[in-house]
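Worksheet for the structure shown next.
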Amino acid sequence: MARALLILLALQLAGAGCRGQTSSDPPIVPLRNMFNQDRYNPQAESQLFKDGRTMRTPAEGTVPREREIDPELGQGRLEDDSDYVAEVPLAVAQRFGGVTAMIERGQDRYGIYCRPCHDGTGAGRGTVITRSGWQPLPPSFHQDRIRQMPDGQLFATITHGIRSMPSYGAYIPVNDRWAIVSYVRALELSQGE
Numbered sequence: 003m004a005r006a007l008l009i010l011l012a013l014q015l016a017g018a019g020c021r022g023q024t025s026s027d028p029p030i031v032p033l034r035n036m037f038n039q040d041r042y043n044p045q046a047e048s049q050l051f052k053d054g055r056t057m058r059t060p061a062e063g064t065v066p067r068e069r070e071i072d073p074e075l076g077q078g079r080l081e082d083d084s085d086y087v088a089e090v091p092l093a094v095a096q097r098f099g100g101v102t103a104m105i106e107r108g109q110d111r112y113g114i115y116c117r118p119c120h121d122g123t124g125a126g127r128g129t130v131i132t133r134s135g136w137q138p139l140p141p142s143f144h145q146d147r148i149r150q151m152p153d154g155q156l157f158a159t160i161t162h163g164i165r166s167m168p169s170y171g172a173y174i175p176v177n178d179r180w181a182i183v184s185y186v187r188a189l190e191l192s193q194g195e
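Each number in the numbering used here corresponds to the 1-based position in the sequence shown with 2 added.
Printed below as a string of structure tokens:
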């Protein structure tokens, strides 16, 4: 009899915890300050600083680790900013351990970022283009205009984008962009007339 009463009491307690509906009460969190943290959105106003901004300007003279300081390597421009770099800088090839390794890396990155639109031969008839009927068509890398383009200008196009091509500067590291440029040049040679 006592055992039956204990089982009945346990069932009643278990049933009392189930209300049969979703609760609108906030969850029970032991460390509430970790659950709801105050934060500011970028570009929002802040009462915390005198100037009212939430985003702080970087300390003077600081440079992000990822940023390439040399304008020839980081932007594809000559030191005096008068024109684009004519060829992929040798310093980039040395970072990869040679031109062959750089072109292999470029082929890999090209397959990820460029091939969907420019296709495997660089003719500008990738899967995205043929399936969607995208207009205007991307240019073929085998046009004289692009074959004669300085490597730095091709690098800048990858970095900043052009027309309907998006900017890849935030997604592809500097060395990989140069590797893609070297692979595009290899494609042009392999498909040359």
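All C-beta atoms, glycine included, are put in the ideal place defined by N, C-alpha and C. All of these numbers come straight from a predicted model, not from anything done at the bench.
### Message
Let's test the definition: count the other Cβ atoms within 10 Å of the Cβ of residue 15 and tell me whether it reaches 16, buried, or not, exposed.
### Response
It counts as exposed.
### Query
residue 86 bridges to which residues according to DSSP?
Answer by DSSP bridge pairing, in chain order: 79.
### Task
Identify, in the order they occur along the chain, each residue of the same chain with its Cβ nearer than 7 Å to the Cβ of residue 129, setting aside the five sequence neighbours on each side.
Excluding sequence neighbours, residue 129 sits near 118.
### Query
Can residue 45 and residue 56 be called in contact, C-beta distance under 9 Å?
Result yes, Cβ atoms of residue 45 and residue 56 sit closer than 9 Å.
### Task
Going by DSSP, name the residue or residues bridged to residue 47.
55, per the DSSP bridge assignment.
### Task
Report yes or no: do three or more beta-carbon pairs, one from the region 61–73 and one from the region 153–169, lie closer than 8 Å?
In short, these stretches do not touch, since the Cβ pair count stays below three.
### Query
In three-state DSSP terms, what is residue 167?
Three-state DSSP puts residue 167 in a strand.
### Query
Is the number of C-beta pairs between the region 140–158 and the region 75–83 that are closer than 8 Å three or more?
As far as the Cβ criterion goes, the region 140–158 touches the region 75–83, which means the pair count is three or higher.
### Query
Which residues in the same chain as residue 89 place their Cβ atom closer than 6 Å to its Cβ, once the five residues preceding and following it in sequence are excluded?
Closer than 6 Å at Cβ, skipping near neighbours: 153.
### Task
Return the CA-CA distance between residue 167 and residue 131, expressed in angstroms with no decimal places.
Taking the straight line joining both Cα atoms gives about 12 Å.
#### Entry: Euclidean distance between Cα positions of residue 182 and residue 47
Roughly 41 Å separates the two Cα atoms.
#### Entry: Cα-Cα separation between residue 83 and residue 91, rounded to whole angstroms
Distance between the alpha carbons of residue 83 and residue 91 is about 15 Å.
### Query
If you check the beta carbons only, do residue 144 and residue 125 fall under 9 Å apart?
A contact, by the Cβ cut-off of 9 Å.
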